[in-house]
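Heads up: the structure comes next, in structure tokens.
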Amino acid sequence: MTKKKKISKQTRSNIITYGIVILAYIIVQTMINTGSISSLMEGLMVPLCIYAILAVSLNLVVGILGELSLGHAGFMCVGAFTSAFFSKCMRGEMQSDGLRFFLALLIGIAAAAVFGLLIGIPVLRLKGDYLAIVTLAFGEIIKNLVNVLYIGKDSAGFHFSTQDVMALDADGTMIISGPQGISGTPRDATFLIGVILVLITLFIVINLTNSRSGRAIMSIRDNRIAAESIGINITKYKLMAFTVSAALAGSAGVLYAHNLSSLTATTNNFGYNQSIMILVFVVLGGIGNIRGSMIAAVILTLLPELLRGLSDYRMLIYAIVLIVMMLFNWAPKAIEWREKYLSFGRKKKEAVK
Amino acid sequence: MAALLDVKNLGISFGGLRAVNGFDISIEKGELYGLIGPNGAGKTTVFNLLTGVYRPDTGKIILDGKDITGKKTIDISKAGVARTFQNIRLFKQLSVLDNVKAGLHNHHRYSAVEGVLRLPRYFKVEKEMNGRAMELLQVFGLENHADVLAANLPYGEQRKLEIARALATEPKLLLLDEPAAGMNPNETGSLMEMIQLVREKFGMTILLIEHDMKLVSGICEKLTVLNFGEVLACGKTAEVLNNPQVITAYLGE
Numbered sequence: 000m001t002k003k004k005k006i007s008k009q010t011r012s013n014i015i016t017y018g019i020v021i022l023a024y025i026i027v028q029t030m031i032n033t034g035s036i037s038s039l040m041e042g043l044m045v046p047l048c049i050y051a052i053l054a055v056s057l058n059l060v061v062g063i064l065g066e067l068s069l070g071h072a073g074f075m076c077v078g079a080f081t082s083a084f085f086s087k088c089m090r091g092e093m094q095s096d097g098l099r100f101f102l103a104l105l106i107g108i109a110a111a112a113v114f115g116l117l118i119g120i121p122v123l124r125l126k127g128d129y130l131a132i133v134t135l136a137f138g139e140i141i142k143n144l145v146n147v148l149y150i151g152k153d154s155a156g157f158h159f160s161t162q163d164v165m166a167l168d169a170d171g172t173m174i175i176s177g178p179q180g181i182s183g184t185p186r187d188a189t190f191l192i193g194v195i196l197v198l199i200t201l202f203i204v205i206n207l208t209n210s211r212s213g214r215a216i217m218s219i220r221d222n223r224i225a226a227e228s229i230g231i232n233i234t235k236y237k238l239m240a241f242t243v244s245a246a247l248a249g250s251a252g253v254l255y256a257h258n259l260s261s262l263t264a265t266t267n268n269f270g271y272n273q274s275i276m277i278l279v280f281v282v283l284g285g286i287g288n289i290r291g292s293m294i295a296a297v298i299l300t301l302l303p304e305l306l307r308g309l310s311d312y313r314m315l316i317y318a319i320v321l322i323v324m325m326l327f328n329w330a331p332k333a334i335e336w337r338e339k340y341l342s343f344g345r346k347k348k349e350a351v352k
Numbered sequence: 000m001a002a003l004l005d006v007k008n009l010g011i012s013f014g015g016l017r018a019v020n021g022f023d024i025s026i027e028k029g030e031l032y033g034l035i036g037p038n039g040a041g042k043t044t045v046f047n048l049l050t051g052v053y054r055p056d057t058g059k060i061i062l063d064g065k066d067i068t069g070k071k072t073i074d075i076s077k078a079g080v081a082r083t084f085q086n087i088r089l090f091k092q093l094s095v096l097d098n099v100k101a102g103l104h105n106h107h108r109y110s111a112v113e114g115v116l117r118l119p120r121y122f123k124v125e126k127e128m129n130g131r132a133m134e135l136l137q138v139f140g141l142e143n144h145a146d147v148l149a150a151n152l153p154y155g156e157q158r159k160l161e162i163a164r165a166l167a168t169e170p171k172l173l174l175l176d177e178p179a180a181g182m183n184p185n186e187t188g189s190l191m192e193m194i195q196l197v198r199e200k201f202g203m204t205i206l207l208i209e210h211d212m213k214l215v216s217g218i219c220e221k222l223t224v225l226n227f228g229e230v231l232a233c234g235k236t237a238e239v240l241n242n243p244q245v246i247t248a249y250l251g252e
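Chain order of the listed sequences is X and Z. Under numbering that gives the first Met the number 0, think of the first position of the first sequence as 0, with each following residue one higher. Under numbering that gives the first Met the number 0, think of the first position of the second sequence as 0, with each following residue one higher.
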């Protein structure tokens, strides 16, 4: 009896989450079709999906595994560059653009997952603040490595350098040229693809959380020693959460790379600024709250654009909104108020006394 | 018949402190065995040695004929030792049901991919797990709280849930670290019945640490008394509790 109720509650919550995404897509797509949305806003739609994916995937590490990671943008960077590299090499050599993008997506995800695993093995021995600092450092390393990478291709094959542009045959092209990054990536990312990837990310994270592995991951978060005492493999499940999270961030990177025709690694897109921004989405939306982090990502990405009219006061208002949202989400009185007036017929969680 | 748990000459030092020295214990299958002693005598350290939290410097631990000395906690759990903790260690943000289901982790398996893609095996195994977990919760009278977060359970129930979670791992030996700590006499009484029930229903072998002498003398068949890391006395409960040395060191005149 109680079991039944719980399952349906869980399913209902998931349906609401997926429903919000699909509904938002339909509304926005209709507005685009009828021309009632500015082109600036239209251009924001793919980034919105990117940030939603990043926020949801980081929530897997921060909320579900309970470890602070500040290197999320690094994994996004790996996904972006490996996929853009592939797409640029294959441009004009594959008949189907869709297939090329699909393969680029798989490559980007796989590369980010491998990096997640390799970085996770040493760093997940650390906890809390220490882990946060080390992941921050790894994120920066990835970004800086990409900035010194030169790869060219000509009839003799690929050429690598970490110094300078190399001499290539007449028919050769530079694919990655250091700080200039990759230019001429096909712009394959569309709003529809973005929304589908958001749905897939939600599907993976929600289903993983509500499965045997998810329980193991959350038990490590709640009490490591007890988790070990009931025979849960700590290393395995920590790495699983970290790797899946990195792989999903990689998919966001693929979208990012294929939304712009030139891709460079700067502090703003793949540096710690970005990692902290993603963390803000997660904290604001509620640590461990998948739907919340997605909504926070969307609001905070749209906000600077919506406030453009206020010119100089834009960032001030942005900061104030951030503070107000944080209070609304986390202050005890605010929570009480919300439970009372905004419960939408939801029954209050009853504590056994 | 060989003992279920046979420990010989177990010892560990922390720096210059010999926390446990020459500890022997032999527990037959189905026995309810008590480990008592003054604070700081090394009782919990013995539990930590038995469950692989610490690696012993000396000695051997044989469980059901298998040497588990110096193995990792996770392997010892798989070999069949489960425990509860002196300070309760539940998965507080998980529901009561999920706490027990986490304990079933190694007995009801499906892969992460099966879980994410919701393949038929996910539904089959989850159903088995729910059934088994509810059975265990019923034993402890917790079935009506299955959906409650573990953190919201009253203290006494949290202790019970910890035992239920330990039993979910299908252990051969159950270690209880001060199960009655912080309980009032009524709760202790119901806990005693519970421990007896667990023992009969599951045929469980139990080793418990306890300071509550009423509980110890009420349900333990045998006792070992630990003092300054060494065994002071061991044997039948009544005999041990009348031992003059034990009275001086621990019980008081």
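Built from N, CA and C at the ideal position, the CB exists for glycine as well.
Cβ neighbours of residue i in the same chain (closer than 8 Å, five flanking residues each side left out)
i       : result
I36(X)  : V27 and M30
D96(X)  : P185 and D187
V197(X) : V20, C48, A51, I52, V55 and M293
N226(Z) : G36, P37, A40, A248 and Y249
F84(Z)  : E161 and D176
L254(X) : V45, C48, I49, I52, A188, I192, G193 and L196
S25(Z)  : A2, L4, D5 and V6
Close Cβ partners of residue i (< 7 Å) along its chain, the five nearest in sequence each way excluded
i       : result
G155(Z) : M182 and E186
Y109(Z) : R120, Y121 and V124
N98(Z)  : L89, F90, A149, L160 and R164
A245(X) : F74, A111, A112, F114 and G115
Residue of the options minimising C-alpha distance to residue i
i       : options                               : result
I298(X) : L309(X), I289(X), V320(X) and D170(X) : V320(X)
P185(X) : K126(X), L191(X), G91(X) and Y50(X)   : G91(X)
N86(Z)  : A180(Z), T204(Z) and D146(Z)          : A180(Z)
G202(Z) : D5(Z), G14(Z) and P170(Z)             : P170(Z)
G130(Z) : K100(Z), F139(Z) and N151(Z)          : K100(Z)
V277(X) : L59(X), N206(X), T10(X) and Y236(X)   : In the sequence under discussion, the amino acid at residue 277(X) is Ile, which differs from the Val named in the question. Ranking the options by Cα distance to I277(X), first place goes to L59(X).
Y32(Z)  : F13(Z), V215(Z) and A232(Z)           : V215(Z)
S108(X) : N206(X), A225(X), G252(X) and S38(X)  : This sequence places Ile at residue 108(X); Ser is not what is there. The shortest C-alpha separation from I108(X) is found at G252(X).
L64(X)  : K237(X), Y149(X) and R337(X)          : K237(X)
K255(Z) : N242(Z), D74(Z), R198(Z) and I73(Z)   : One cannot answer for residue 255(Z) here, as it falls past the ends of chain Z, which runs 0 to 252.
Per-residue contacts from residue i into chain X (C-beta, under 8 Å)
i       : result
R117(Z) : N206
Enclosing beta strand (DSSP E) for residue i [first to last residue]
i       : result
K152(X) : Y149 to D153
Y109(Z) : Segment: none, Y109(Z) is in no beta strand (DSSP E) and carries neither H nor E.
A103(X) : Run containing A103(X): none in the beta strand (DSSP E); it sits in the alpha helix (DSSP H), D96 to V122.
H158(X) : G156 to S160
L206(Z) : T204 to I208
Residue-level contact to chain X via CB, residue i, 8 Å cutoff
i       : result
T72(Z)  : yes
Y109(Z) : yes
G114(Z) : yes
R82(Z)  : yes
L49(Z)  : no
Q85(Z)  : no
Q157(Z) : no
K171(Z) : no
Q92(Z)  : yes
D63(Z)  : no
D176(Z) : no
Min CB distance residue i to chain Z below 8 Å
i       : result
N222(X) : yes
M89(X)  : no
S218(X) : yes
G284(X) : no
Under 8 Å by beta carbon: chain Z residues contacting residue i
i       : result
A215(X) : A101 and H104
N232(X) : I73
Contacting residues, own chain, Cβ-Cβ under 6 Å from residue i (five flanking each side not counted)
i       : result
L69(X)  : A131, T134, L135 and S274
S261(X) : S182
Contacts of residue i in chain Z (Cβ-Cβ under 7 Å)
i       : result
A240(X) : Within 7 Å Cβ-Cβ: nothing; A240(X) doesn't reach chain Z, min ~10 Å.
I203(X) : V115
E227(X) : T72 and I73
Residue i, enclosing alpha helix (DSSP H) - first and last residue
i       : result
A18(Z)  : Run containing A18(Z): none in the alpha helix (DSSP H); it sits in the beta strand (DSSP E), L16 to I26.
L191(X) : F190 to T208
Per-residue contacts from residue i into chain X (C-beta, under 7 Å)
i       : result
R164(Z) : I229
R88(Z)  : N222, I224 and A225
K77(Z)  : G230
A168(Z) : The question names Ala, but residue 168(Z) in the sequence shown is Thr. Those are I229 and G230, listed as they occur along chain X.
Contacts of residue i in chain Z (Cβ-Cβ under 9 Å)
i       : result
S210(X) : Y109, A111, E113, G114, V115, R117, Y121 and E125
Listed by chain order, chain X residues near residue i by CB distance under 9 Å
i       : result
F139(Z) : Residues of chain X passing the Cβ test: none, with the nearest at roughly 14 Å.
Q244(Z) : In chain order: nothing, as chain X lies at least about 33 Å away.
D97(Z)  : R214, M217 and S218
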